[in-house]
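**Q** Questions regarding the structure given below will be posed in turn.
There are 2 protein chains.
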Amino acid sequence: MEKKGKVAIIGAGLIGLGWARRCLKSGREVAIWDPKSDRENIEGALSLSSWTLHDSLGDAVEGAVFVQESAPERIELKHQLYADLAPWIGDDVVVASSTSTFMPSDLQKGVNIAGRLLVGHPFNPPDVLPLVEIVPGPATDPDAIAVASNFYASLGQRPIVLHRERPGHLANRLQAAVLREAFDAVASGQASVRDVDIAITSSLGPRWAIQGPFASIHLNGGVGGIAHYLDHLGPAFEALWRDATIPTVDSALRLKLIEAARTLISTENYEAAVNIRNQALLAVLSTAARFDFEDRDRVSEPPSSDRAAHDA
Amino acid sequence: MEKKGKVAIIGAGLIGLGWARRCLKSGREVAIWDPKSDRENIEGALSLSSWTLHDSLGDAVEGAVFVQESAPERIELKHQLYADLAPWIGDDVVVASSTSTFMPSDLQKGVNIAGRLLVGHPFNPPDVLPLVEIVPGPATDPDAIAVASNFYASLGQRPIVLHRERPGHLANRLQAAVLREAFDAVASGQASVRDVDIAITSSLGPRWAIQGPFASIHLNGGVGGIAHYLDHLGPAFEALWRDATIPTVDSALRLKLIEAARTLISTENYEAAVNIRNQALLAVLSTAARFDFEDRDRVSEPPSSDRAAHDA
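Respectively, the protein sequence lines represent chains H and L.
All the letters of the first sequence, read from the start, carry residue numbers 1 to 312 under this note's numbering.
All the letters of the second sequence, read from the start, carry residue numbers 1 to 312 under this note's numbering.
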């Protein structure tokens with residue numbers, strides 16, 4: 001069993017503070033380092049008290065069981081951070097980066113703790129949405145993957161391990177695919193911004209809140225499942241893949257999107273809007289979890305040797 | 001105000017019976033015609049009693065206020081049906097096709113009721129998911145669009161009107177975009193089928209159950225909204241659009257998907273699995289509706305001249 005030690009949070013921006021909240025909620029101590037953030041700002045964001053803010057990076061990471069780095073997306077800055085924190089962490093401590101733009105091989109270049117470095121990419125907000133994409137680089141030690149997986153599962157998250165590094169990891173590639181078609185619907189004059197959103201919230205969104213795209217088509221294939229689905233609808237979907245076009249985001253489209261987005265949701269009281277969004281997400285997650293569709297317990301349970309022996 | 005008249009359901013397959021259930025639930029009478037379906041099968045699928053099954057197409061459509069055609073996806077068959085039912089329906093009755101594969105201009109070719117013919121495409125299951133994509137063709141009378149929109153809204157659905165016909169309409173294009181990336185993740189060895197599904201149900205699915213893709217990025221852009229988002233993340237997403245590849249669905253990938261799908265969800269007791277799925281969808285829809293994100297009432301309210309005058 002993993003001990004519930006201190007977590008070091010490097011970078012206290014939107015994502016770093018989300019990580020801090022999730023760690024605190026699951027009973028972890030949190031040590032924060034951010035050269036630009038002040039105590040008052042962090043106090044406003046974190047209601048629980050078991051966190052410390054450090055002036056020195058070494059103080060923040062020393063004695064931590066896990067380091068989550070959510071620094072600005074500048075590769076030189078990240079490389080410098082890994083070099084600076086390396087002397088202060090234990091040999092078995094994993095350093096995970098929240099980066100959405102760099103691949104683990106970028107992060108590992110010239111870094112002496114490369115074996116314990118990987119991408120641990122959350123989805124905003126990390127204290128609400130459970131996904132963490134673990135992406136090992138070529139130099140990552142397999143043990144580090146297991147440590148990260150167990151750690152995230154202990155926070156109540158649902159880590160998945162990606163077996164190949166690709167730009168955008170996985171979830172943002174899936175999001176980009178939908179945004180391409182959504183932008184293209186507006187750019188081509190097919191649908192309004194509002195109607196594209198309604199198309200999703202009235203069909204695919206609820207479906208994908210309870211079942212992923214593969215389980216969805218498997219069940220929509222009838223008793224023949226995904227095999228029947230591929231036989232009957234596969235060619236139609238492949239034709240749509242070929243029909244897809246990349247829209248040009250010019251100033252006219254940009255203006256259209258900005259003006260329409262303002263009518264979708266008011267960000268005038270931004271904090272309030274985010275709070276309602278987070279409550280809604282938690283409510284949907286808990287509703288979906290009532291239905292045992294994906295055998296969620298089995299999936300989210302951290303791998304453990306006892307359990308494996310029992311199952312075998 | 002529209003009167004609650006009889007609805008003619010042409011074709012009693014999966015989609016046709018879903019339409020029948022939605023109509024019956026909202027207090028409509030339903031007249032069904034299907035040369036291949038028998039009374040026993042329909043009795044099993046429909047619990048409410050205010051439906052009739054007809055041997056003659058003319059009998060089914062005569063006196064109906066709306067005709068929903070969900071016949072097999074063969075264009076000659078559909079053209080024949082429109083010709084056969086035309087003499088029996090009133091001049092103001094709209095005929096909507098549930099087709100997912102044909103565009104309205106295909107349907108209208110050589111049809112003498114083309115002005116009252118449009119696509120009214122639901123998302124499976126039509127009695128659970130509220131989306132209806134109304135796609136007028138070049139010959140569709142603008143009045144027919146308003147009639148269809150009011151009719152679907154009266155069934156508690158959320159109709160959207162597409163301003164251009166495109167293969168797959170809109171929602172299936174969005175689904176195809178995600179399936180392309182999902183298939184590619186598996187084909188490229190990036191992720192397992194199960195992990196692709198988890199990536200969606202743990203991040204994008206819950207988000208899109210409460211907010212569409214545009215409202216999501218608007219709120220994720222911070223106080224600067226979608227404008228800030230486009231400035232900062234636009235180039236990254238456009239790079240992912242260019243990085244997207246079309247996977248080849250060969251027999252190896254096919255086999256991999258089929259074997260993995262079987263571990264995701266059991267279709268051994270298919271009816272039971274579908275029932276749980278439908279309950280889960282209804283629960284998520286009702287959870288999402290508790291949060292007034294998209295001003296759902298305003299959006300789903302059918303357009304009416306009284307209301308417009310009041311708002312002005």
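A virtual CB, placed ideally from N, CA and C, is assigned to each residue, including glycine.
1. Quick one, which residues of the stretch 268-283 of chain L are near chain H if we go by CB-CB under 8 Å, in chain order?
2. By the 10 Å Cβ neighbour count, where 16 or more other Cβ atoms means buried, how is Thr248/H classified, buried or exposed?
3. Does any CB atom of chain L fall closer than 8 Å to the CB of Val119/H?
4. So, helix, strand or coil for Ser304/H, using DSSP?
5. Run through the DSSP bridge pairs and tell me what His54/H is partnered with.
6. Identify, in the order they occur along the chain, each residue of the same chain with its Cβ nearer than 8 Å to the Cβ of Leu57/H, setting aside the five sequence neighbours on each side.
7. Is DSSP giving Asp311/H helix, strand or coil here?
8. For the structure I just gave you, are there three or more beta carbon pairs, one from the stretch 38-54 of chain L and one from the stretch 162-180 of chain L, closer than 8 Å?
9. On the three-state DSSP scale, how would you describe Arg290/H?
10. If Ala215/L sits next to Leu257/H, beta carbons under 8 Å apart, how far is it from one beta carbon to the other, in whole angstroms?
11. Judging by CA-CA distance, which residue of Lys6/H, Ala191/H, His121/H, His54/H is the nearest neighbour of Ile160/H?
12. With C-beta atoms as the reference, is Asp313/H less than 8 Å away from Gly18/H?
13. Run through chain L and tell me which residues come within less than 8 Å of Ile200/H, C-beta to C-beta.
14. What are the residues in the stretch 37-54 of chain L lying within 8 Å of chain H by C-beta distance?
15. What are the boundary residues of the beta strand (DSSP E) that Leu155/L is part of?
16. Any beta carbon of chain H sitting closer than 8 Å to that of Thr287/L?
17. Decide if the stretch 143-159 of chain L is in contact with the stretch 92-103 of chain L; the criterion is three or more beta carbon pairs, one per stretch, under 8 Å apart.
18. Hey, how far is the Cα of Thr99/L from the Cα of Gly44/L?
19. Who are the Cβ neighbours of Asn278/L in its own chain at under 7 Å, not counting the five residues just before and after it?
20. Determine whether the Cβ of Thr101/H lies closer than 8 Å to any Cβ atom of chain L.
21. Within its chain, find whatever has a CB closer than 7 Å to the CB of Ile217/L; leave out the 5 residues flanking it on each side and keep chain order.
22. Under the three-state reduction of DSSP, which class applies to Leu17/H: helix, strand or coil?
23. Does Ile89/H come out as helix, strand or coil in the three-state DSSP assignment?
24. Rounded to the nearest angstrom, how far is the Cβ of Phe66/H from that of Val7/H, given a contact under 8 Å?
25. Under 8 Å between the Cβ atoms of Thr201/H and Ala209/L?
26. Kindly indicate if chain L contains any beta-carbon less than 8 Å away from that of Ser203/H.
27. Using the three-state DSSP reduction, which class does Val147/H fall into: helix, strand or coil?
28. Mind reading off the beta-carbon distance from Ala177/L to Ala177/H? Whole number of angstroms is fine, and I expect it under 8 Å.
29. My parser needs the alpha helix (DSSP H) runs of 4 or more residues fully inside the stretch 190-266 of chain L; what are they?
30. Counting only beta-carbon separations shorter than 8 Å, does Ser188/L have a partner in chain H?
31. Using the C-alpha atoms, what's the distance from Gln175/H back to Ala288/H?
32. Could you tell me which of Gly115/L, Arg158/L, Leu155/L, Glu69/L sits nearest to Gly16/L, measuring between CA atoms?
33. Going by the beta-carbon positions, is the gap between Ala273/L and Thr267/L smaller than 8 Å?
34. For Gly225/L and chain H, any beta-carbon pair shorter than 8 Å?
35. Taking 8 Å as the CB-CB cut-off, is His79/H touching chain L?
36. Report yes or no: do the stretch 97-111 of chain H and the stretch 130-146 of chain H share at least 3 C-beta pairs separated by less than 8 Å?
**A** Looking at the atomic coordinates:
1. Cβ contacts with chain H: Tyr270, Ala273, Val274, Ile276, Arg277, Gln279, Ala280, Leu281, Ala283.
2. For the purposes of this step, residue 248/H is taken as the residue at position 248 of the first sequence. Thr248/H is exposed by the Cβ-count criterion.
3. In the first sequence, counting from the first residue as 1, residue 119/H sits at position 119. Not closer than 8 Å to any Cβ of chain L, the Cβ of Val119/H fails to qualify, so no.
4. Working through the first sequence from its first residue, we reach residue 304/H at position 304. Caution applies to Ser304/H, whose pLDDT of 34 falls short of 50 and renders its modelled position unreliable; the value that the coordinates give is listed next. Reduced to three states, the DSSP call for Ser304/H is coil.
5. Locating residue 54/H in the first sequence gives position 54, counting from the first residue. Residue pairing by DSSP places His54/H opposite Trp33/H in a beta bridge.
6. Position 57 of the first sequence, counting from 1, holds the residue named residue 57/H. If the five residues before and after Leu57/H are omitted, its C-beta is found closer than 8 Å to the C-beta atoms of Ile10, Trp33, Leu81, Asp84, Leu85, Trp88, all from its own chain and listed in chain order.
7. Looking up residue 311/H in the first sequence gives position 311. Since pLDDT at Asp311/H reaches only 30, below the 50 mark, its modelled position is unreliable, and no value is offered.
8. With the cut-off at 8 Å, the stretch 38-54 of chain L and the stretch 162-180 of chain L do not touch.
9. In the first sequence, residue 290/H corresponds to position 290, counting from 1. Three-state result, Arg290/H: coil.
10. Taking the second sequence and counting its residues from 1, one reaches residue 215/L at position 215. Taking the first sequence and counting its residues from 1, one reaches residue 257/H at position 257. Between Ala215/L and Leu257/H a beta carbon distance of about 11 Å is seen, past the 8 Å cut, so the two are scored as non-contacting.
11. By 1-based counting over the first sequence, the position of residue 160/H is 160. Nearest option by C-alpha distance: His121/H.
12. Outside the shown range of chain H (1 to 312) lies residue 313/H, about which nothing can therefore be said.
13. In the first sequence, the residue the question calls residue 200/H occupies position 200. Near Ile200/H (Cβ distances below 8 Å), the residues of chain L are Ala171, Leu174, Trp208, Gly212, Pro213.
14. For chain H, none of the residues of the stretch 37-54 of chain L brings a beta carbon within less than 8 Å of one of its beta carbons.
15. Here residue 155/L refers to the residue found at position 155 of the second sequence. For Leu155/L, there is no enclosing beta strand (DSSP E), as DSSP gives it neither H nor E.
16. In the second sequence, counting from the first residue as 1, residue 287/L sits at position 287. For Thr287/L, the answer is yes, since a Cβ of chain H falls inside 8 Å of its Cβ.
17. With a cut-off of 8 Å, the stretch 92-103 of chain L and the stretch 143-159 of chain L count as touching, because enough Cβ pairs lie within range.
18. Sequence index remark: in the second sequence, residue 99/L carries index 99 (1-based). Sequence index remark: in the second sequence, residue 44/L carries index 44 (1-based). The alpha-carbon separation between Thr99/L and Gly44/L amounts to approximately 24 Å.
19. What you label residue 278/L is simply residue 278 of the second sequence in a count that begins at 1. Hits under 7 Å: Pro125, Val128.
20. Residue 101/H sits at position 101 when you count from the first residue of the first sequence. Taking CB atoms only, Thr101/H has a neighbour in chain L less than 8 Å away.
21. Position 217 of the second sequence holds residue 217/L. Counting only Cβ-Cβ distances below 7 Å, and skipping sequence neighbours, we find Ile226, Tyr229.
22. Here residue 17/H corresponds to residue number 17 of the first sequence, with the count starting at 1. It is helical.
23. If you number the first sequence from 1, residue 89/H lands on position 89. Ile89/H sits in coil when the DSSP states are folded into three classes, being neither helix nor strand.
24. Working through the first sequence from its first residue, we reach residue 66/H at position 66. Working through the first sequence from its first residue, we reach residue 7/H at position 7. Rounded, the Cβ-Cβ distance is 5 Å, consistent with contact.
25. For the purposes of this step, residue 201/H is identified with residue 201 of the first sequence, where counting begins at 1. For the purposes of this step, residue 209/L is identified with residue 209 of the second sequence, where counting begins at 1. Taking 8 Å as the cut-off, the beta carbon of Thr201/H is found closer than this to the beta carbon of Ala209/L.
26. Walking along the first sequence from the start, residue 203/H turns up at place 203. For Ser203/H, the answer is yes, since a Cβ of chain L falls inside 8 Å of its Cβ.
27. Stepping through the first sequence from its first residue, residue 147/H is reached at position 147. Residue state, collapsed to three classes: helix.
28. Walking along the second sequence from the start, residue 177/L turns up at place 177. Walking along the first sequence from the start, residue 177/H turns up at place 177. Rounded, the Cβ-Cβ distance is 4 Å, consistent with contact.
29. Listed in chain order, the complete alpha helix (DSSP H) runs (minimum 4 residues) inside the stretch 190-266 of chain L are 193-199, 205-210, 213-220, 225-243, 251-264.
30. The sequence position of residue 188/L within the second sequence is 188, counting from 1. Yes, its Cβ sits closer than 8 Å to a Cβ of chain H.
31. Reading the first sequence from its first residue, position 288 is the one you call residue 288/H. Reading the first sequence from its first residue, position 175 is the one you call residue 175/H. Each residue's alpha carbon lies about 20 Å from the other.
32. Counting from 1 along the second sequence, the entry for residue 16/L is found at position 16. If we check each option's Cα against that of Gly16/L, Glu69/L comes out closest.
33. For the purposes of this step, residue 273/L is identified with residue 273 of the second sequence, where counting begins at 1. For the purposes of this step, residue 267/L is identified with residue 267 of the second sequence, where counting begins at 1. Yes, these two residues count as a Cβ contact at 8 Å.
34. Along the second sequence, read from residue 1 onward, the residue named residue 225/L stands at position 225. Yes, because at least one Cβ of chain H sits closer than 8 Å to the Cβ of Gly225/L.
35. As a first step, residue 79/H must be located in the first sequence, where it is residue number 79. His79/H does not count as touching chain L.
36. Contact between the stretch 97-111 of chain H and the stretch 130-146 of chain H is present, because at least three Cβ pairs lie under 8 Å.
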